[in-house]
Structures are given as C-alpha cells and as structure tokens.
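Quick note on numbering: the sequence shown equals residues 1 to 166 in the UniProt record's numbering. For every residue, glycine included, the Cβ atom is placed at its ideal position computed from N, Cα and C.
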Amino acid sequence: MQAKRIKSVLLPPLNRNGPLPADLKLTIYKLLIRPILTYASASWITTPLTNRLKLQRVHNSAIRLITGKCINPSTNHYYPTQLLHEETELATLWQHIMKAAGAFHNRCRENTNETIENIWMADEQNIPGIQATRFQELLLREKKTITRDTHTRPHKHTHTHTHIYR
C-alpha cells in the first residue's frame with residue numbers, strides 16, 4: 001500500500017523522538033499521507049467494512065507514531081484510538097471520507113449543468129422509474145450513523161486531557 005511506503009519513508013522525522021514538533025508532524029500527515037488514503041474516496045464509498053478497517057489501521061498507526069502513545073506504561077495496554085483521535089482533534093478516516101463525500105454531493109447538487117440539475121430534480125420529486133442513486137442512499141445512511149454515534153455515545157474515559165496537537 002502506497003500510504004505505508006510513504007509513512008516508512010517519513011518515519012525518522014515523524015517518530016516521537018524526531019526533531020519536529022508534534023503539530024508539524026500532524027500537518028505532514030494531513031498533507032502527505034491522508035490524501036493517499038482518501039484518494040478518490042467519493043467513488044469507493046460502497047467499499048466493504050474490511051477495506052475500511054485496513055485503511056483505518058494505517059491512519060491509527062500514523063497517529064500513534066506521531067503522538068508516541070503506543071502502550072500505556074501503567075496498564076501495559078494500547079491507548080484507545082478514540083482517545084488519540086480526540087487528543088489530535090482528527091476525525092476517524094471514514095468520518096473524514098464521509099465529510100468529503102458530502103461536500104462532493106453538495107457540489108454536484110449546486111452544479112449549474114442542466115443534465116445534473118435534471119437528475120437532482122427527478123430524485124427530489126420522486127418521479128416513478130427514477131430512484132435515488134446508491135451513492136445518495138449510502139451517504140444519507142452514513143450521515144445518520146455518524147450523527148447518532150457522535151451525539152449519543154457516552155465517552156468511556158473520565159479523565160481530562162489537553163489538546164496539544166493541532
């Protein structure tokens with residue numbers, strides 16, 4: 001996978017003992033590695049969960065590398081990825097992809113091309129014989145899932161922490 005190769009090339013400067021500050025490491029990740037992981041993501045929104053998890057693992061390992069938080073010395077367990085995402089203020093990769101797909105969806109909807117406008121009008125008016133695209137259905141379902149998960153799921157940890165990575 002190309003993102004893994006890029007990450008391995010950038011390993012020395014991104015390493016927790018590397019010479020760069022954490023916020024710069026995070027910016028490098030956002031500019032060089034995450035775009036590779038999310039390339040053409042609007043077109044593969046229907047990918048199975050197993051493929052999503054493979055991408056998320058690369059994303060999580062990069063965050064662990066940047067923050068230097070792999071194993072908690074007091075418990076000898078990995079730091080929860082949810083905590084790492086909160087500390088770095090990064091969304092999960094799939095949430096980032098869904099946000100980008102939603103923006104793409106909105107740009108298509110606001111397009112002034114007559115053919116594209118007719119597709120949206122037909123969909124909104126529920127004209128018989130014309131159904132919503134699979135992309136639109138998945139986008140709506142994922143938006144509901146993400147909204148429900150982020151607003152109703154209680155936080156599992158109770159300690160406070162500072163957001164040092166931006």
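Could you check how far apart the C-beta atoms of residue i and residue j are, in whole angstroms? I think they sit under 8 angstroms.
i    : j    : result
F104 : A42  : 4 angstroms
T81  : N113 : Not really, about 41 angstroms apart at Cβ, beyond 8 angstroms.
Which residues in the same chain as residue i place their Cβ atom closer than 7 angstroms to its Cβ, once the five residues preceding and following it in sequence are excluded?
i    : result
I97  : T38, S41
K69  : Y79, L84
C108 : I116
R52  : W94
L55  : L37, L93
Among the residues of its own chain, which have a CB less than 6 angstroms from the CB of residue i, if the five just before and after it don't count?
i   : result
N15 : none
K25 : L14, I66
L20 : P13
Y28 : Checking the sequence shown, residue 28 turns out to be Ile, not Tyr. Excluding positions up to five away in sequence, the list is empty.
So for residue i, helix, strand or coil by DSSP?
i    : result
T150 : With a pLDDT of 45 at T150, under the threshold of 50, the modelled position of that residue is not reliable, and no figure is offered here.
E110 : coil
I130 : Any reading at I130 needs caution, since the residue's pLDDT is 48, under 50, leaving its predicted position unreliable; the model's value is listed next. Coil, per DSSP.
Enumerate in chain order the residues of its own chain whose CB-to-CB distance from residue i is below 8 angstroms, with the five nearest sequence positions on each side excluded.
i    : result
E117 : N111
I71  : H77, Y78, Y79
G18  : P12, K25
Is residue i near residue j, with beta carbons less than 8 angstroms apart?
i   : j   : result
E89 : T67 : no
A91 : I45 : no
Alpha helix (DSSP H) runs wholly inside the region 12–97, at least 4 long, in chain order: Scanning the region 12–97 for uninterrupted alpha helix (DSSP H) segments of 4 residues or longer gives 22–28, 34–37, 49–67, 81–88, listed from N- to C-terminal end.
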